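Down below is the structure, laid out as structure tokens.
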Amino acid sequence: MQTGIDKLEIIIVDNNSPDVKKLKEILSKYTFNNKKYSLVTKYRKKNLGFGCSYNYGASITKYQNIIFLNPDTKMIKTSISTLLDHAKKNNANICGGKCLQINTKNIHRTIFNEPTINTMLFEYSNLGKLFRKSGNFYLNQKSIKKDTKVDGVGGAYFLIDKKSFIELGGFDENIFMYLEDVDICIRAKKLSLSIVYCPHSTIYHIGGASSNNKYHIAHKAWFDSREYYVTKHFSPIVSIPIVIIYKIERILLNIRMKI
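The opening residue of the sequence shown carries number 74 in the working numbering; numbering runs sequentially from there.
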């Protein structure tokens with residue numbers, strides 16, 4: 074295993090996955106030099122979501138820099154060392170790298186503006202397609218060639234210093250999946266923590282594989298997360314009408330799935 078850095082602690086948290094036997098078989102093929110790399114594997118009896126498992130993994134690490142990495146990703150040799158170097162160079166509390174779709178090599182959208190009312194209406198619902206209107210959420214990553222301060226970075230691959238993570242209280246465990254990365258970044262922004270996008274550190278991301286592409290599970294998590302997020306971050310006069318729209322969408326989708 075090559076990463077380009079001197080010491081690395083790898084923490085794998087299994088969320089009671091159905092393919093845990095396969096995971097153990099894969100891990101048995103790797104050997105780790107204790108002086109350079111260490112491996113910690115935790116098997117949870119219940120799947121409590123991404124954020125909960127991220128928090129659990131972060132709580133047992135002995136290092137001051139934490140990199141969160143989705144299981145459906147592939148790194149190159151310099152991915153971690155480059156991200157760490159650029160985070161230090163920019164004094165970034167949070168630093169996210171570039172994610173390329175593993176088959177097409179297209180850039181996976183991972184940097185964003187703080188969600189607004191328009192975002193909640195036209196990016197997080199189908200109203201954007203209906204009215205052909207953008208929520209102005211994602212930034213144009215193709216045009217960004219240097220380290221850039223942003224409002225938020227995607228959770229598939231990002232670094233955060235442990236002190237900041239503790240200050241933020243970690244990920245919000247009320248969010249099972251989706252928007253947990255948006256939530257923690259916006260909370261970090263409100264505390265004036267520095268968030269930087271580093272296009273020089275690259276990984277390859279499949280996307281969706283960690284939920285095993287189960288259509289109904291993914292959609293339920295998405296509906297739950299966006300309703301929770303808008304209620305948490307916006308006033309009732311804004312959030313209540315938007316939640317009603319989301320609930321109507323949920324009902325319509327459930328009807329469609331039964332047809």
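C-beta: ideal position from N, C-alpha, C; glycine also.
Computed from a predicted structure; not experimentally measured.
- Across the structure, Val223 and Lys95 are spaced so that their CA atoms are roughly 38 Å apart.
- The beta carbon of Ile318 lies closer than 8 Å to those of Leu194, Ser198, Leu200 in the same chain, with the five residues before and after it left out.
- Residue environment analysis places Ile99 among the exposed positions, since fewer than 16 neighbouring C-beta atoms fall within 10 angstroms of its C-beta.
- Residue ranges of uninterrupted beta strand (DSSP E) with 3 or more members, entirely inside the stretch 100–168 and ordered along the chain, are 110–116, 138–142, 146–148.
- Of the residues assessed, Met250 falls on the buried side of the cut-off, its CB having 16 or more other CB atoms within 10 angstroms.
- Ranked by Cα distance from His159, the first of Tyr277, Val269, Ala291 is Val269.
- By the neighbour-count criterion, in which a residue is buried when 16 or more other Cβ atoms sit within 10 angstroms of its Cβ, Phe204 is exposed.
- Counting other Cβ atoms within 10 Å of its Cβ, Asp92 stays below 16 and is therefore classed as exposed.
- Following the DSSP letters along the chain, one finds Tyr319 inside the alpha helix (DSSP H) bounded by residues 309–331.
- Looking at the DSSP output, Glu82 bridges to Ser111.
- A buried status is given to Val226, since no fewer than 16 other beta-carbon atoms sit within 10 Å of its beta-carbon.
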